[in-house]
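Working notes, structure below.
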Amino acid sequence: MSNFKSIVSLQFFFFSSISLLLLIPSCLAYNVVSFGAKGDGKTDSTAPFLRAWMSACSSTSPSNVYVPKGTYLIRSVTFTGPCRSRIEFRIDGTIVAPVDYNVIGSSNFWILFYKVSRLSIYGGTIDAKGHSFWSCRRSGHSCPPGARSITLLWCDNVVVSGLKSLNSQIMNMAIDYSSHVRVEKIRIRSPSGSPNTDGIHIENSRDITITDSIIQTGDDCISIGTGSMNMWIQKIGCGPGHGISVGSLANSLNEAGVQNITVANSVFTKTQNGVRVKSWARPSDSYAKNLIFRNLVMRNVGYPILIDQNYCPDSNCPHQNSGVKVSQVTYKNIQGTSSTQQAIKLDCSQTNPCSGITLQDIKLTFVDPRLKRQALTYCKNAQGTHRGTVIPRSCF
Ligand SMILES: *[C@@H]1O[C@H](CO)[C@@H](O)[C@H](O)[C@H]1NC(C)=O
């Protein structure tokens, strides 16, 4: 009798677990296809994506927006929070922008998450198809401002994992006014000649980690702008691109600074710069402090170690003294080759000299030994110390 009872209760337990398992996903997964999205690459699926988002976002228990395999055409879309519970966006398919670049290009954003917290985005490929937009910009015609591919604006507690971003019109990914964001295992690819296609741009944000990612693009692989602190960047493959940058700073007179940034264990291949701090040559109360760059490999990199306080990418630049104070910057264990002779270039402000710069265990040589050129250190208005072996010779 007791045996029979236990079998019954076991069976009950077994079947109720199964029904629970079946129940949970069917209740809480919001598949964009059941909201009318079509994975044929040509039907506009913007409205179905939004409807799936709004259903998930208003759910009181954790929910999941699911994008199955297929190619989904999406115009500019804003996924707005706050949501009532944790949300996961799981993408097995590819999301593409319309062929006419004006459709997303005039709205600054393509895929925007706004005021969302407790969000995870897993997988997926997003392709902004920026080629005709870049041609417009190169031709000098008047073009729309362009759209960032994916943006987190006023978001917190976010994970972006395994996303692939291709051919963004301008920045591939932007993180602005956000905190506690973890970006990992992402892949970014825009051609080296595509203008202003930064990989990941961060501004006014804190506690951001970016790890285990490969970024190939036409501008900075990662750029860390005004008002950013507590960044942890590690295991990045960068190149082609302009390197990993703090800045540009001194965009305006009153500007929040950048502090506590670590870039570690990364490889730069044929990039214009390695690790760079850049500021415009104009007055500003901005600053960059407590920066650590360590365990980096440079392969055929233009300016592997660069502080540029006379930043001037084109002819339209201010030529005053930069008000930005750069201090407490450590470069440690940086090895490889430079494609210019200025392997270490510290071009600091005359009115605000760089201070507390540490060069430790550096070995950078000129890329082509047959040309018999030496890699050099160039320092202006920079103060600091060196430790261990520093090649080319430290200027401190
Ligand atoms: C600096 O940033 C790291 C995260 O990158 C954080 O763990 C650490 O606590 C921060 N340090 C300070 C002094 O805020």
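Quick note on numbering: the sequence shown equals residues -29 to -1, 1 to 367 in mature numbering (1 follows the signal peptide of the UniProt record, and there is no 0). Positions of the beta carbon are idealized from the N, C-alpha and C atoms, including for glycine.
For N231, the shortest C-beta to heavy atom distance toward ligand 1 is below 7 Å.
Per DSSP, the continuous beta strand (DSSP E) segment holding S120 begins and ends at 119 to 124. Distances taken from the Cβ of M202 to the heavy atoms of ligand 1 include one shorter than 7 Å. In terms of Cβ geometry, D183 and D169 do not form a close pair [threshold 8 Å]. The three-state secondary structure of V87, taken from DSSP, is coil. Here P162 carries a coil assignment [DSSP, helix/strand/coil].
As computed with DSSP, T182 is found in a beta bridge with E155, Q205.
K40 is classed as exposed because its beta carbon has fewer than 16 other beta carbons within 10 Å across all chains shown.
A residue is called buried when at least 16 other Cβ atoms come within 10 angstroms of its Cβ; C283 does not meet this threshold and is exposed. Residue ranges of uninterrupted beta strand (DSSP E) with 3 or more members, entirely inside the segment 251 to 282 and ordered along the chain, are 258 to 272, 274 to 279. By the CB criterion at 8 Å, M142 and R119 fall inside the cutoff. When the Cα atoms are used, C366 and L317 turn out to be separated by approximately 10 Å. Per DSSP, A(-1) is one residue of the beta strand (DSSP E) stretching across -1 to 2. Here N271 really is in contact with T308; their C-beta atoms are around 5 Å apart, less than 8 Å.
In this structure, the straight-line span from the alpha carbon of Q280 to that of T96 is close to 37 Å. No Cβ-Cβ contact shorter than 8 Å links A221 with V297. K100 is a Cβ neighbour of N138, given a cutoff of 8 Å. The segment 43 to 80 contains, as complete beta strand (DSSP E) runs of 3+ residues, the segments 48 to 51, 58 to 67 (chain order). In chain order, A221, L224, E226, G294, V295 place their CB closer than 6 Å to the CB of S255, counting only its own chain and leaving out the 5 sequence neighbours on each side. Measuring C-alpha to C-alpha distances from F50 to each of N266, I193, W81 identifies W81 as the nearest. G64 has its alpha-carbon roughly 30 Å from the corresponding atom of I195.
Segment contact: the segment 128 to 135 against the segment 67 to 74, fewer than three CB-CB distances shorter than 8 Å; contact not assigned. The beta carbon of R46 is closer than 6 Å to those of T17, V74 in its chain, skipping five residues each way along the sequence. Contact between S88 and S56 does not hold, since the beta-carbon distance rounds to 10 Å and is not under 8 Å. Its Cα nearest to that of N236, the residue Q205 stands out among G228, G117, P363, Q205. Boundaries of the alpha helix (DSSP H) harbouring F20: 17 to 28, taken from the DSSP string. Under DSSP, C325 forms a beta bridge with A353.
The continuous beta strand (DSSP E) containing F239 extends over residues 229 to 240.
Between N266 and N304, the CB-CB gap stays under 8 Å.
At a Cβ-Cβ threshold of 8 Å, L123 and F84 count as neighbours.
When secondary structure is reduced to three states using DSSP, H102 falls in the helix class.
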